[in-house]
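Residue numbers (the numbering used here), protein chains in the order written: chain U, 352 to 708; chain A, 2 to 263. C-beta atoms are modelled at their ideal positions from N, C-alpha and C, and glycine is treated no differently.
Shown next as structure tokens:
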């Protein structure tokens, strides 16, 4: 019992230690590697971290609660535009803009969750798709204060309060640390949540709404909570995105981005926080790598084709995504250790396909 | 019987033109095990679905602990103290036995998004308490070997047991069992009847059970209601039901064989 306790504790803490070490090691490492521009690579990693925040939040909604969304670029846009307007037009500090924009996005998520209560499957997909399509259109329509299709530019640098003074995040490296810190904090929050009372209610809704209701899970409360939470994550990520690029335009928030987000969590593995993280990282770097291929000069949308292929191949061959692959590798090594029990027993015991943990 | 735990009066529910339950009166007293029997399509499960508020009855009232619950919502029922199982098992398939039994305690735990996400004080202790309660139930039901198995991989008979455990951990006053013997052989049914009686004594329960298996309900229940085409055609002790000519005529069919068996 004692040993088992230590092991579970170890498993829970180890990934965070590893993540923290990686975050700290990457910047000095980039400096010594010849041939790379550290600033650009850090910018790229920051972008991947920001997308990972969206993916972790979307994972709560799609992976755990089983509610699809094809409109999360809309929440991303709400966060980005809200913080851009608050800092640029109203001169509010970055942190205030971050909190207000996040809350605004969560509130819109809650509202979108209300009609979603009556919809499921393809109908919900179409409804959220409509939301995702509408947001950039609204931005263009309200051009007088949103900058229209040319967008908002020259956003102030992000800054953090420190006692009475403020630290201004001037370099790519500063911003990279901020994005990493936000991602780690929100990942820990998500992992805590899904392992407990709230997460069980989410998974219960995904598995059987009838069982969930019979066990006292209020569908209205938990579905809207899942929508609001995932919108909060996307909104916060949107704030970081706007300030990483120092400028935004409606073109940054197309439906393609929503599909991107969804592909990240499908590739990583639905119902796995770690899967959402790795899916986001992989796709961001893949997209960047593809734009550098020579043939891309006359085939600008190669990434869209690749994205579609990844989505189809993952669903066909890796229904549990990368997280599922990791699980089955662990399963095999565990099977080698315990040769006594039958393989079927071990598959069952290790919880193939279980994502409630 | 105004002191009854569950008091159903004039319950009527129809689907389209078909009357599934027709003016049913039914009570369950404290500590009683009451059976609801009848041929297929007699409306037994419809009664359950009305009590657990999955269905909206056309007429009638449902009172529980002297409180009218006819207008309550389905997720509130378990909080009042009524827990149920389902004919074809409604477990959370991707969860383990333990996780299903933790879900069963949803309403007795505090929860909260901020509290869970930030691991605030008490959230961990709450989980630990719930896990201890679940483990106790798992042991009581003999599911120890299956504690960390995903329930979709368990045989149907064990899934029924997990579902029973999930209903029991919510500490209900009234347990609604929909065909608990489905998938069990006669010997297992006997074990199940003993288990239900033990649970009733241990947890101070009242039980309303829908069943097909006549010998099972005859042996288990204190009182029986017989439904046919949504109407109550008889009510009484197993002995009374067994010798009721209306029941024999309408439901039991060939009295020589089936009733003698029971």
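When Cβ-Cβ separations below 8 Å define contact, residue 124 of chain A makes contact with chain U. Listed in chain order, the non-local C-beta contacts of residue 406 of chain U below 8 Å within the same chain comprise 612, 615, 616, 619, 627, 628, 630 and 631, local neighbours out to five positions each way being set aside.
Contact between residue 138 of chain A and residue 166 of chain A holds, with the beta-carbon distance rounding to 5 Å and staying under 8 Å. Taking the beta carbon of residue 632 of chain U as reference, no residue of chain A falls within 7 Å; the closest one sits roughly 23 Å away. Cα atoms of residue 384 of chain U and residue 643 of chain U: separation of roughly 20 Å, rounded to the nearest angstrom.
Interface annotation for the segment 98-128 of chain A against chain U: 100, 103, 104, 105, 107, 108, 110, 111, 112, 113, 114, 117, 118, 119, 120, 124, 127 and 128, criterion Cβ-Cβ distance under 8 Å. Residue 521 of chain U carries a coil assignment under DSSP once its states are collapsed to helix, strand and coil.
Residue 546 of chain U and residue 394 of chain U have their C-alpha atoms roughly 33 Å apart. Excluding residues up to 5 positions away in sequence, 2, 4, 5, 6 and 207 lie with their Cβ nearer than 8 Å to the Cβ of residue 30 of chain A in the same chain. If the five residues before and after residue 92 of chain A are omitted, its C-beta is found closer than 7 Å to the C-beta atoms of 101, 152, 160, 163 and 164, all from its own chain and listed in chain order. Only those residues of the segment 566-578 of chain U whose C-beta falls short of 8 Å from the nearest C-beta of chain A are listed: 566, 567, 568, 569, 570 and 576. A check of alpha carbon separations from residue 414 of chain U across U/520, U/578 and U/516 identifies U/578 as the nearest.
Sequence-distant Cβ neighbours of residue 461 of chain U in its own chain, meaning closer than 7 Å and more than five residues away, are 575, 578 and 579. Within the segment 74-100 of chain A, the residues whose Cβ lies closer than 7 Å to any Cβ of chain U are, in chain order, 75, 76, 79, 80, 85, 91, 92, 93, 94, 95, 96, 97 and 100.
With contacts defined as CB atoms closer than 8 Å, residue 391 of chain U and residue 635 of chain U fail to qualify as a contacting pair. Chain U has a Cβ within less than 8 Å of the Cβ of residue 53 of chain A. Rounded to the nearest angstrom, the gap between the Cα atoms of residue 19 of chain A and residue 177 of chain A is 24 Å. With fewer than 16 other Cβ atoms inside 10 Å of its own Cβ, residue 666 of chain U counts as exposed. In the assembly as shown, residue 238 of chain A is an exposed residue. Its beta-carbon has fewer than 16 other beta-carbons within 10 Å. Contact check between the segment 485-494 of chain U and the segment 551-560 of chain U: fewer than three CB pairs, one atom from each, fall below 8 Å, which does not count as touching. A contact is defined here as three or more CB-CB pairs under 8 Å, and the segment 509-521 of chain U fails this definition with respect to the segment 69-81 of chain A.
The three-state reading of DSSP puts residue 150 of chain A in coil, since its state is none of H, G, I, E or B. Annotation for residue 625 of chain U: the continuous alpha helix (DSSP H) segment containing it runs 624-642. Counting of Cβ neighbours within 10 angstroms places residue 8 of chain A among the buried residues, the total reaching 16 or more.
In the structure shown, the three-state DSSP call for residue 687 of chain U is helix. The beta-carbon of residue 559 of chain U is placed less than 8 Å from the nearest beta-carbon of chain A. For residue 554 of chain U, the C-beta contacts it makes with chain A under 7 Å involve 93, 95 and 96, in order along the chain.
Leaving aside the five residues that flank residue 510 of chain U on each side, the residues in its chain whose CB is nearer than 8 Å to its CB run, in chain order, 444, 445, 446, 517, 518, 519 and 520. Annotated three-state conformation of residue 212 of chain A is strand, per DSSP. Taking a contact to require three or more Cβ pairs closer than 8 Å, the segment 21-29 of chain A and the segment 80-98 of chain A do not qualify as touching.
The DSSP-derived three-state label of residue 92 of chain A is coil. Between the segment 127-143 of chain A and the segment 39-51 of chain A, the count of C-beta pairs closer than 8 Å stays below three; the two stretches do not touch. With a threshold of 8 Å between beta carbons, residue 423 of chain U makes no contact with chain A. In this structure, residue 99 of chain A keeps its C-beta atom at 8 Å or more from the C-beta atom of residue 210 of chain A. Nearest to residue 605 of chain U by alpha-carbon distance, out of U/409, U/427 and U/398, is U/427. Beta-carbon to beta-carbon, residue 458 of chain U and residue 470 of chain U are separated by about 20 Å, too far to satisfy the 8 Å threshold.
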